[in-house]
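Counting from 1, one number per residue, gives the positions in the sequence shown under the UniProt record's numbering.
Using N, Cα and C, we set each Cβ at its ideal position, and we do this for glycine too.
Data block below; observations after.
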Amino acid sequence: MDYFSSDFKLGILGGGQLGKMMLYETRKWDIYTKVLDNSSEAPSRISCNEFVKGSLLDYDTVYNFGKDVDVLTIEIENVNLDALEKLEEEGVKVFPQPKALRIIQNKAKQKLFYVDHAIPTADFQRFAYLSEIEDSIANGGLKLPFVWKVAQFGYDGQGVKVVRNLADLKGLPAGECIAETMIPFKNELAVIVSRNSEGEIKTYPVVEMEFHPEANQVEYVICPARIDAKVAEKARSLALQVAEKIGLTGLLAVEMFQTIDDKILVNEVAPRPHNSGHYSIEASYTNQFEQHIRSILGLPLGSTDSKVAGVMVNLVGEEGYTGDVVYKNIAEIMAMEGVTPHIYGKAQTRPFRKMGHVTIVNNDLDKARSIAQKVKETIQVISK
Numbered sequence: 001m002d003y004f005s006s007d008f009k010l011g012i013l014g015g016g017q018l019g020k021m022m023l024y025e026t027r028k029w030d031i032y033t034k035v036l037d038n039s040s041e042a043p044s045r046i047s048c049n050e051f052v053k054g055s056l057l058d059y060d061t062v063y064n065f066g067k068d069v070d071v072l073t074i075e076i077e078n079v080n081l082d083a084l085e086k087l088e089e090e091g092v093k094v095f096p097q098p099k100a101l102r103i104i105q106n107k108a109k110q111k112l113f114y115v116d117h118a119i120p121t122a123d124f125q126r127f128a129y130l131s132e133i134e135d136s137i138a139n140g141g142l143k144l145p146f147v148w149k150v151a152q153f154g155y156d157g158q159g160v161k162v163v164r165n166l167a168d169l170k171g172l173p174a175g176e177c178i179a180e181t182m183i184p185f186k187n188e189l190a191v192i193v194s195r196n197s198e199g200e201i202k203t204y205p206v207v208e209m210e211f212h213p214e215a216n217q218v219e220y221v222i223c224p225a226r227i228d229a230k231v232a233e234k235a236r237s238l239a240l241q242v243a244e245k246i247g248l249t250g251l252l253a254v255e256m257f258q259t260i261d262d263k264i265l266v267n268e269v270a271p272r273p274h275n276s277g278h279y280s281i282e283a284s285y286t287n288q289f290e291q292h293i294r295s296i297l298g299l300p301l302g303s304t305d306s307k308v309a310g311v312m313v314n315l316v317g318e319e320g321y322t323g324d325v326v327y328k329n330i331a332e333i334m335a336m337e338g339v340t341p342h343i344y345g346k347a348q349t350r351p352f353r354k355m356g357h358v359t360i361v362n363n364d365l366d367k368a369r370s371i372a373q374k375v376k377e378t379i380q381v382i383s384k
C-alpha cells in the first residue's frame, strides 16, 4: 500500500503529547491523519488532518471514528476495546491488536499473564474490592508494607501507592486492585521493543529511570543505563520475551526492576510510545515515534542505536501552581549545551501534570546527567 501523499488514512485514538509527537513523523512523510480525543484543547489538534472530539471509552464514538480509516492506532491504552474488536472483525487494521490490549489494560490480568508465561515479576495478590485488603491484613494473608495498584485505568503514577499502614488505604478507589510485594531494588530500568506487522523485532538500549519520591513519576531517564553489560543483556532479552509472548504490533515499553542480586523482574508494560523513550528524539538514529509508525505500517524498522548519550528530564507542574502556564527560565536552559525543550501545548498547569520534557545530549553520559540536574533546578513550570 502507498502511505505517502496518498488517500491512505491513519487513525489515532488519543490526542495528548504522545499523539502530537507521533504526528511530527506523519507530517514528515505526508501521511493523512485523523485523531480522536475528548478535549477540544488536545495537543494533537493542531497537527492532524482531521480532529474529532469525543470519548475514547464510548463504543459508538470509537466505532464510528474507526470505520473510515485504514489503520487505527492508540497513544493511550484506556480506550473502548469492544469497538476495536468490532472494527478489526470488519477489516480495519488495529495496532496494537485488541487482544494484546485486553491483557495490558487491566493490571491484574497483566500480572496473571506474566505468571502464566513464566515471566519473572513481583509476587502479588488480586482483590475485587479494596475492603478485602483490610480483611486479608487482619487475617495475616497480606503483610505490610506493599504496593497498591488500581487494576484498571491507572497511568503516570496515578493509581499506585505504597501502603505502610492501614491509614494509607483511606481515600483509595474501592474497586478491583492488586497488592504487590515491595521489591528491594537497586535500579528501575526500561526497554522499548518495536515489532512490525511483518514480525521484524528490535529493542532499544536499556534505560535507567529515576523517580520523583512523592509523585511516583519518572524525573530522569538515562540512556544508556549505568549498569553491567550482562545485566543489560538480561533486561533486553526479557523485554523481547515479553513482547513475543504478548505478540503485539507496534511499540511495547517494558518497565523492570533490577534487584539487589541482579535479577530482572518485569514491573509493567505500556503498548505505545513511552516516557522512557523520549530521549530518542535527539539521541537515537530512529526515534520511538517514527519506529511506532514504521511498525504499524509494516515498514522496515529503523536503527535503534544511539548516536550519543541522552538524558531526559520531565517538565511537570510545580506544587502550589494551578492555572495558565508559564515556563520560567526557559531561555537559561536553552543556553546550556545539548539542551532541547519539548513543550506539549497544554494551556493549564497543575501540580505534577506532565507539561513537557527536556532532552540533554552529550558524548559524555556523566556530563549529560549533570546538565540535566541544572535544567531541573533552573526551569519552573508555574502559573500566571
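With fewer than three CB-CB distances shorter than 8 angstroms, the region 98-111 does not count as touching the region 129-140.
Using a Cβ distance threshold of 8 angstroms, alanine 122 and valine 191 do not count as a contacting pair. Here serine 370 is not near threonine 322, since their CB atoms are 8 angstroms or more apart.
At the C-beta level, alanine 225 and valine 207 come within 8 angstroms of one another. Taking all protein chains in view, the Cβ of asparagine 314 is crowded by 16 or more other Cβ atoms within 10 Å, so the residue is classified as buried. For glycine 159, the closest of Ala167, Leu166 and Gly171 by C-alpha to C-alpha distance is Gly171. Counting the other CB atoms within 10 Å of its CB gives glutamine 348 a total below 16, which places it among the exposed residues. Contact between the region 250-268 and the region 342-356 is not established, with fewer than three Cβ pairs separated by less than 8 angstroms. Residue environment: proline 43 is assigned as buried (16 or more neighbouring CB atoms within 10 Å of its CB, all protein chains considered). Taking a contact as a CB-CB distance under 8 angstroms, the pair methionine 312 and valine 221 counts as one, their CB atoms being some 4 angstroms apart.
Ranked by Cα distance from leucine 297, the first of Val69, Ile260 and Gly345 is Val69. One Cα belongs to arginine 27, the other to serine 47, and the distance between them is close to 8 angstroms. When DSSP states are grouped into helix, strand and coil, methionine 355 belongs to the strand group. For phenylalanine 65, the uninterrupted alpha helix (DSSP H) segment begins and ends at 59-66. Annotated three-state conformation of glutamine 105 is helix, per DSSP. Note that the region 68-82 touches the region 1-14; at least 3 beta-carbon pairs, one per stretch, sit closer than 8 angstroms. With a threshold of 16 other beta carbon atoms within 10 Å, valine 162 falls short and is exposed.
Residue environment for arginine 294: buried (at least 16 other C-beta atoms within 10 angstroms of its C-beta).
Rounded to the nearest angstrom, the gap between the Cα atoms of isoleucine 343 and glutamine 373 is 19 angstroms.
Taken atom to atom, the span from the alpha-carbon of glutamate 337 to that of isoleucine 360 is near 8 angstroms. Residue environment analysis places asparagine 363 among the exposed positions, since fewer than 16 neighbouring C-beta atoms fall within 10 angstroms of its C-beta.
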